[in-house]
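Below you'll find the structure, written out as structure tokens, and then a few comments.
There are 2 protein chains.
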Amino acid sequence: MLGADNEELSASLEDYLEAIFRLSCDGRQARSKAIAERLGVSRASVTGALRLLKKKGLANYKPYDGVTLTSAGHHAAAEVDRKHRILKSFFGQVLGVDPETARKAACRAEHTLGPSVIGRLLCFIEFVSRENAAGNDLVGKFQQFCNERAV
Amino acid sequence: MLGADNEELSASLEDYLEAIFRLSCDGRQARSKAIAERLGVSRASVTGALRLLKKKGLANYKPYDGVTLTSAGHHAAAEVDRKHRILKSFFGQVLGVDPETARKAACRAEHTLGPSVIGRLLCFIEFVSRENAAGNDLVGKFQQFCNERAV
DNA sequence: TGACAAAGTTAGGTGTGGCTAACTATAATG
DNA sequence: CATTATAGTTAGCCACACCTAACTTTGTCA
């Protein structure tokens, strides 16, 4: 592993990675200002994070030049994004939490859950939709159940 | 709100709170060494955390004397503990994740999920057990579903 | 009761992650 | 093309959360 600063990624760096990933979906470079706005953080903090991501080999960063992800960075970001989508979908579709709350909860939980739990969660979403297709409307029943106890 | 240092509790402080809560279940005071061991942290770190908890009005702490929780601290700790139990139960019982992985995931996620998601999760556990009692073995079906796709 | 071990604290250091204020580079435009 | 606005960086600060090493307090027991 030449020159790579391995270690686990902090939740904060994962957030930066994800922001860059999302902002550069259409191929363009992510602007520092946009990252700052998306994460609700100062531009100075972004500069610091970009330097770290570069040191870890996850981002191509040159001062006064845009940012893109290296392929390692892209991989890591895609994984965070995947977790995010699975969690949001679970909170929203299965548990029936309102979309904005689901999104925020996903943002926070995406850094804490490992592959085995995420894998099961994804599977569970599929299971629920499969049951639904087979005529067993679990989501509906659960909503009903919640309404009865006013949760 | 006299003298209270409000703000949100950090994940770390919640961990300390929870450890004290658990260690003083039987009414005794929590010893600093035991907290350090339970959290895998140095005794010095515990001292620092206890000072913070005291400042926030959550722990009764006097150097060289044991620690107990104030009623505010007890409330907060009980809430963290409740989240922990709900999450562990969901990961283990519903998703079928192995107990140790479920415990660890709960430890990490308990700081990130708010009341609405936790409430729904608790409700979901009840829903599943109710369905089971009514002859709809969702857990079994889901396990089967996972096995088929080797998750 | 006095010495020793264990528990606890203090002092001082590290890394992360954030901030503001002030500076510099780039871009846009009259 | 000079000026100005905006984007980005640097410098310097703070808080948190951890650590080790050294010191102090407490409790035990010969």
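Heads up: the sequence lines are chains R and V, in that order. Take any residue in the first sequence, count from 1 to its spot, add 189: that is its number in our numbering. Take any residue in the second sequence, count from 1 to its spot, add 189: that is its number in our numbering. Backbone N, C-alpha and C fix where the C-beta goes; we use that ideal spot for every residue, glycine too.
In the DSSP assignment, find the beta strand (DSSP E) that holds residue i and state where it starts and stops.
i, result
"V:Tyr250", "Ala248 to Tyr250"
"V:Leu258", "Val256 to Leu258"
With respect to the alpha helix (DSSP H) encompassing residue i, which residues constitute its N-terminal and C-terminal limits?
i, result
"R:Leu284", "First-last for R:Leu284: undefined, no H or E at that position."
"R:Thr236", "Arg232 to Lys244"
"V:Arg208", "In the sequence on display, residue 208 of chain V carries Ala and not Arg. Note, V:Ala208: alpha helix (DSSP H), Ala200 to Leu212."
"V:Leu327", "Leu327 to Glu337"
"R:Val306", "Pro304 to Ala322"
"V:Thr301", "No alpha helix (DSSP H) holds V:Thr301; DSSP gives it neither H nor E."
"V:Glu226", "Ser221 to Leu228"
Pick out whichever of the options has its Cα sitting closest to the Cα of residue i.
i, options, result
"V:Leu242", "V:Phe316, V:Gly262, V:Val230 and V:Thr301", "V:Gly262"
"V:Gly281", "V:Ile275, V:Leu311, V:Ala291 and V:Lys272", "V:Ala291"
"R:Ala339", "V:Phe331, V:Asp326 and V:Arg309", "V:Arg309"
"R:Ser231", "R:Phe210, R:Phe279 and R:Tyr205", "R:Tyr205"
"V:Lys330", "V:Ile307, V:Gly285, V:His300 and V:Glu197", "V:Gly285"
"R:Gly303", "V:Ile209, V:Leu247, V:Val269 and V:Ala295", "V:Ala295"
"R:Phe279", "R:Val306, R:Val256 and R:Thr259", "R:Val306"
"V:Glu268", "V:Val283, V:Asn336, V:Ala208 and V:Asp287", "V:Ala208"
"R:Val235", "R:Arg217, R:Thr259 and R:Gly255", "R:Gly255"
"V:Leu228", "V:Gln332, V:Val328, V:Ala248 and V:Ala200", "V:Ala200"
Determine, using beta carbons only, whether residue i comes closer than 7 Å to chain R.
i, result
"V:Ala219", "no"
"V:Cys335", "yes"
"V:Thr290", "yes"
"V:Leu302", "yes"
"V:Phe210", "no"
Please decide whether residue i counts as near chain V, where near means a Cβ-Cβ distance under 7 Å.
i, result
"R:Arg297", "yes"
"R:Gly308", "yes"
"R:Ser305", "yes"
"R:Phe331", "yes"
"R:Cys312", "yes"
"R:Ala294", "yes"
"R:Val328", "no"
"R:Gly279", "Note that residue 279 of chain R is Phe in the sequence shown, not Gly. Answer no: the Cβ-Cβ gap between R:Phe279 and chain V never drops below 7 Å."
"R:Leu284", "yes"
"R:Val230", "no"
"R:Val256", "no"
How would you label residue i, buried or exposed, when you count the other beta carbons within 10 angstroms and need 16 or more for buried?
i, result
"V:Asn321", "exposed"
"V:Asp215", "exposed"
"V:Met190", "Any reading at V:Met190 must be qualified, since the residue scores a pLDDT of 40, below 50, and its modelled position is unreliable; the value itself is stated next. Classification for V:Met190: exposed."
"R:Ser221", "buried"
"V:Lys277", "buried"
"R:Ala193", "For R:Ala193, the pLDDT reaches just 46, beneath the cut-off of 50, and the residue's location in the model is therefore unreliable, leaving the point undetermined."
"V:Tyr253", "exposed"
"R:Glu337", "exposed"
"R:His300", "buried"
"R:Ser260", "exposed"
"R:Lys245", "buried"
Legend entry - At least 3 beta-carbon pairs within less than 8 Å: the region 309–318 of chain R vs the region 311–320 of chain V: Contact fails between the region 309–318 of chain R and the region 311–320 of chain V, because fewer than three Cβ pairs, one in each stretch, are under 8 Å apart.
Legend entry - Any 3 or more C-beta pairs closer than 8 Å across the region 229–239 of chain R and the region 271–281 of chain R: Touching, no.
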